[in-house]
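Novice: Mind looking over this structure? Questions follow.
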Amino acid sequence: MRELNLIACIKSVPDPRSSFKSEMDPKTGTVRRLADEIGIPRVIGPLDRNALEAALRLKELAGGRVRAMTMDSPAAEEALREALAWGADEAILISDPAFAGADTLATARSLAAAIRKCGPFDMVLCGAWSYHGNTGQVGPQLAAMLDVAHIPFVTHFEFVSDTRVRARSEWEGEYAIAEAGLPLLITVNETINQPRHATLMGIMGARGREILHWDAATLGLPADTVGLAGSPSRVTGIALMSTARKKEVMRGDPEAVVGQLLEKLRQEGVL
Amino acid sequence: MDFRLSEEQKLLRRTVREFAESVIAPRVQAMEETGETSKEVIGELAKQGLLGVCIPPEYGGTGMGSMARMLIVEEIGRVSAAVAFMLQTMHLSIDPIVSAGGDEVKKRYLPGLASGEHLGCMAVTESTGGSDPAGLRTQANLDGDHYILNGRKVFISNAHVADLFIVVARTGEGAKGLSAFVVEAGTQGIRAGRKEHKFGLKGCTTGEVVIENCRVPVANRLGDEGQGLKVAFAAISRSGRTGTAGTALGILAACLEAAVKQANERQLYGEPIAKLQGIQWQVSDIWMDLQVARLLCYQAATLIDQNARCDPEVAAAKFYATEAAVRSAKKAVDIYGGYGYLNEYPVQRYYRDAECLIASAGTAEVMRIIMAKAALG
Chain A
25 MRELNLIACI
35 KSVPDPRSSF
45 KSEMDPKTGT
55 VRRLADEIGI
65 PRVIGPLDRN
75 ALEAALRLKE
85 LAGGRVRAMT
95 MDSPAAEEAL
105 REALAWGADE
115 AILISDPAFA
125 GADTLATARS
135 LAAAIRKCGP
145 FDMVLCGAWS
155 YHGNTGQVGP
165 QLAAMLDVAH
175 IPFVTHFEFV
185 SDTRVRARSE
195 WEGEYAIAEA
205 GLPLLITVNE
215 TINQPRHATL
225 MGIMGARGRE
235 ILHWDAATLG
245 LPADTVGLAG
255 SPSRVTGIAL
265 MSTARKKEVM
275 RGDPEAVVGQ
285 LLEKLRQEGV
295 L
Chain B
38 MDFRLSEEQK
48 LLRRTVREFA
58 ESVIAPRVQA
68 MEETGETSKE
78 VIGELAKQGL
88 LGVCIPPEYG
98 GTGMGSMARM
108 LIVEEIGRVS
118 AAVAFMLQTM
128 HLSIDPIVSA
138 GGDEVKKRYL
148 PGLASGEHLG
158 CMAVTESTGG
168 SDPAGLRTQA
178 NLDGDHYILN
188 GRKVFISNAH
198 VADLFIVVAR
208 TGEGAKGLSA
218 FVVEAGTQGI
228 RAGRKEHKFG
238 LKGCTTGEVV
248 IENCRVPVAN
258 RLGDEGQGLK
268 VAFAAISRSG
278 RTGTAGTALG
288 ILAACLEAAV
298 KQANERQLYG
308 EPIAKLQGIQ
318 WQVSDIWMDL
328 QVARLLCYQA
338 ATLIDQNARC
348 DPEVAAAKFY
358 ATEAAVRSAK
368 KAVDIYGGYG
378 YLNEYPVQRY
388 YRDAECLIAS
398 AGTAEVMRII
408 MAKAALG
């Protein structure tokens with residue numbers, strides 16, 4: 025197997041172990057980073073951990089290079105430092121006040137520009153969706169902008185040749201086997217692997233390593249293509265979803281009640 | 038003074054916390070039931086590099102030092118005090134080799150201790166009591182280029198999993214008549230003896246080390262002849278007491294989390310018991326004890342990293358953190374009411390584990406003597 029040039033796109037999120045409140049800015053339709061304000065640590069997002077782990081395992085198998093990349097505020101350095109401690113060779117922070125308020129399309133546009141700046145690549149690996157926005161759109165948009173094949177919701181993949189990957193995609197209880205040639209983008213599910221923990225040697229190794237900072241000018245992106253200005257969508261509101269069990273007691277002759285139950289289940293679309 | 042952790046220390050804490058929750062927590066119940074050390078856990082600790090935190094990089098460790106070690110032991114202690122205590126005991130056995138071992142001894146043993154290929158334990162205490170090491174009876178008689186050791190050590194943590202023993206034995210009279218040796222477990226004449234049945238720290242075994250005509254090369258002596266007590270005391274203060282204090286910190290953090298959870302979830306008179314001042318006083322006491330213990334422990338660890346003389350500060354950290362862990366665990370059990378007494382809730386384990394720490398690495402009274410000497414001059 026030849027050496028691979030790999031890029032893991034990660035998103036730093038407030039540590040899921042911590043509790044904090046979210047608040048929306050009604051003017052911009054973006055979520056205020058209250059977690060940052062109260063000092064909740066930033067960690068690599070849950071599925072992005074799987075993406076980075078998959079990239080690192082691939083590098084350990086074939087050799088090559090793993091770049092970890094994120095578009096965020098400077099607070100995301102914490103997560104990139106963790107990526108270096110895991111074994112990433114390079115960490116890139118795409119950051120500019122102009123990127124603030126970016127929707128998925130503007131985010132993908134900035135990431136695509138940064139990936140192009142890195143030069144030729146073999147695979148881009150992303151989490152299938154983020155812990156924050158949960159849209160699952162950035163990965164596919166990025167693949168389209170880079171004009172490469174995309175295999176979504178990957179739970180397993182293997183190389184069938186030096187330049188071709190076979191992957192198993194799983195969603196909503198179904199699965200599909202897909203093949204695609206390199207370069208390629210995959211978005212991964214949490215069952216693809218068990219992400220590692222940084223070792224002490226890794227943490228020591230990450231000490232003092234440079235984290236590259238690229239802004240809009242570095243990436244050659246006009247102001248109206250990034251951040252809020254470059255975002256065609258707006259969040260109009262955030263609501264808390266509540267779920268409650270529906271209870272209904274049916275009384276009477278068991279045979280008649282069973283019939284009623286079956287009818288009810290049909291009406292509800294269960295059967 | 039800057040009390041904030043550095044970015045690297047925060048990453049270390051977070052990483053070890055994740056590791057402890059995903060790797061150690063699922064094995065705690067089995068350790069509780071069997072009392073046995075989990076070999077799998079030791080393997081994982083080694084893989085993460087946690088055994089070699091105080092071993093210099095040239096011998097295979099990371100040399101991250103005492104403050105990093107404090108964070109590690111605290112985070113592991115938050116999930117399992119037994120594993121934290123086992124780990125800190127391994128660090129304790131490494132300390133005399135790093136501080137007093139010759140280059141050959143360091144090269145021979147430290148890489149294996151860093152990688153987990155070898156596990157160590159410290160064998161000082163005898164049945165005469167741990168608080169009077171000057172009264173040790175184990176003999177080391179010089180015979181050519183070997184010493185012949187005879188004696189029996191008690192209350193030795195990790196004795197039954199160790200590949201290396203750091204043994205302190207008598208080569209002369211009085212406190213200056215003691216010497217320290219590295220003894221490999223496979224050496225004829227040394228073996229683990231009776232395994233004790235403890236009511237806490239289940240998963241960190243404790244027992245006897247029986248030494249009968251055990252021939253140990255002179256090259257395995259740590260420091261000069263007669264320096265054994267100095268070597269052992271320095272290691273016990275620097276690593277044993279801080280490690281015990283770090284374990285207690287972990288218990289304190291776990292007590293606070295458990296107490297807060299129960300206070301917020303348990304309903305009484307139609308609202309969470311957290312609304313009751315009687316509960317708030319208990320929770321605030323635990324919170325305060327954790328803050329004070331952390332400050333003392335982090336101060337002690339930082340002073341050690343600065344090579345400062347700090348036996349009284351270490352004694353204060355060990356005394357306060359262990360006593361605070363016991364009283365906070367008692368409060369956590371009380372907040373749980375009858376449930377606190379059930380095995381399915383962890384607070385009873387915190388209480389049992391905390392009690393074991395009071396007498397370890399020097400009793401509370403010994404800590405008071407050290408602090409009194411510093412205060413009175």
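Going down the list, the protein sequences come from chains A and B.
Quick note: the first sequence, position 164, residue 188 per my numbering, numbers continuous.
Quick note: the second sequence, position 230, residue 267 per my numbering, numbers continuous.
Even glycine gets a Cβ: it sits at the ideal position worked out from N, Cα and C.
None of the values given here were measured: they were computed from a predicted structure.
Curious, which full-length beta strand (DSSP E) runs of at least 3 residues does the region 136 to 170 of chain B contain?
Specialist: Counting whole runs of 3 or more residues, the region 136 to 170 of chain B contains the beta strand (DSSP E) stretches 157 to 160.
Novice: Buried or exposed for P144 of chain A, going by 16 or more other Cβ atoms inside 10 Å?
Specialist: Burial call: exposed.
Novice: Please decide whether L48 of chain B counts as near chain A, where near means a Cβ-Cβ distance under 8 Å.
Specialist: Yes, its Cβ sits closer than 8 Å to a Cβ of chain A.
Novice: Within the chosen definition, does the region 136 to 153 of chain B reach the region 251 to 268 of chain B through at least 3 CB pairs nearer than 8 Å?
Specialist: Output reads yes: the region 251 to 268 of chain B touches the region 136 to 153 of chain B.
Novice: According to DSSP, is S257 of chain A part of a helix, a strand, or is it coil?
Specialist: S257 of chain A: coil per DSSP, three-state reduction.
Novice: Based on the DSSP secondary-structure assignment, which residues constitute the bridge partners of G188 of chain B?
Specialist: Answer is B:I248, bridged to G188 of chain B.
Novice: Who are the near neighbours of I118 of chain A in its chain, counting only those whose CB is closer than 6 Å to its CB and skipping five residues on each side?
Specialist: So the list reads M95, S134, A138 and W238, once near-sequence residues are dropped.
Novice: Can you tell me the Cα-Cα spacing of A401 of chain B and R364 of chain B, whole angstroms?
Specialist: If I take the Cα positions, the gap works out to 14 Å.
Novice: Would you say T99 of chain B reaches chain A, if we count a Cβ-Cβ gap shorter than 8 Å as a contact?
Specialist: Cβ-Cβ to chain A under 8 Å: yes for T99 of chain B.
Novice: Could you tell me the alpha carbon to alpha carbon distance between N257 of chain B and G72 of chain B, rounded to whole angstroms?
Specialist: Their Cα atoms are separated by approximately 32 Å.
Novice: Taking the alpha carbon of R190 of chain A as the point to measure from, which residue in A:G293, A:E279, A:G197 and A:A173 has its own alpha carbon closest?
Specialist: With distances taken between Cα atoms, R190 of chain A lies closest to A:A173.
Novice: Could you please tell me which residues of the region 208 to 235 of chain A, in chain order, have their CB closer than 7 Å to any CB of chain B?
Specialist: Listed by position, the residues of the region 208 to 235 of chain A near chain B (Cβ gap below 7 Å) are H221, A222, T223, L224, M225, I227, M228 and R231.
Novice: Count the other CB atoms, across all protein chains shown, that sit within 10 Å of the CB of A178 of chain B; report buried if there are 16 or more and exposed otherwise.
Specialist: It is worth fixing the name first, because residue 178 of chain B is Asn in this sequence and not Ala. By the neighbour-count rule (16 or more Cβ atoms within 10 Å), N178 of chain B is not buried but exposed.
Novice: Counting only beta-carbon atoms, is A109 of chain A nearer than 8 Å to chain B?
Specialist: With 8 Å as the cut-off, A109 of chain A counts as an interface residue toward chain B.
Novice: Does DSSP classify T416 of chain B as helix, strand or coil?
Specialist: For chain B, the structure presents residues 38 to 414; residue 416 of chain B sits outside this window and is missing.
Novice: Please determine, among B:G265, B:G399, B:R386 and B:L82, the residue with the shortest C-alpha to C-alpha distance to K235 of chain B.
Specialist: Here the closest residue by C-alpha is B:R386.
Novice: Can you find a C-beta in chain B that's less than 8 Å from the C-beta of P38 of chain A?
Specialist: No, P38 of chain A does not count as interfacial toward chain B.
Novice: Would you list the one or two residues that DSSP bridges to A202 of chain A?
Specialist: Answer is A:A191.
Novice: Is DSSP giving H128 of chain B helix, strand or coil here?
Specialist: Of the three classes helix, strand and coil, the one that applies to H128 of chain B here is helix, per DSSP.
Novice: Would the beta-carbon of E203 of chain A fall within 8 Å of that of R188 of chain A?
Specialist: Taking 8 Å as the Cβ cut-off, E203 of chain A and R188 of chain A qualify as a contacting pair.
Novice: Report yes if the C-beta distance between H6 of chain A and V37 of chain A is below 8 Å; otherwise report no.
Specialist: Because chain A spans 25 through 295 in this model, residue 6 of chain A falls outside it and cannot be assessed.
Novice: Residues of chain B with CB closer than 7 Å to the CB of R81 of chain A, please, in chain order.
Specialist: Chain B residues near R81 of chain A: none, gap ~16 Å exceeds 7 Å.
Novice: In the DSSP assignment, what are the bridge partners of T243 of chain B?
Specialist: Note: T243 of chain B sits in a beta bridge opposite B:S194.
Novice: Tell me whether the beta-carbon of V255 of chain B lies closer than 8 Å to the beta-carbon of Y184 of chain B.
Specialist: Contact: yes.
Novice: Run the CB neighbour count on R290 of chain A, radius 10 Å, all protein chains shown included, and call it buried at 16 or more, exposed below.
Specialist: Counting Cβ neighbours within 10 Å, R290 of chain A comes out exposed, since fewer than 16 surround it.
Novice: Would you report the Cα separation of A136 of chain A and M68 of chain B, rounded to the nearest angstrom?
Specialist: Between A136 of chain A and M68 of chain B, the C-alpha separation is close to 50 Å.
Novice: Tell me, please, which residues DSSP counts as bridged to K288 of chain A.
Specialist: Per DSSP, none; premise fails for K288 of chain A.
Novice: Quick one: what does DSSP say D326 of chain B is sitting in, helix, strand or coil?
Specialist: Of the three classes helix, strand and coil, the one that applies to D326 of chain B here is helix, per DSSP.
Novice: Relative to the C-alpha of L208 of chain A, which residue among A:G254, A:T249, A:L149 and A:K51 is closest?
Specialist: Nearest option by C-alpha distance: A:L149.
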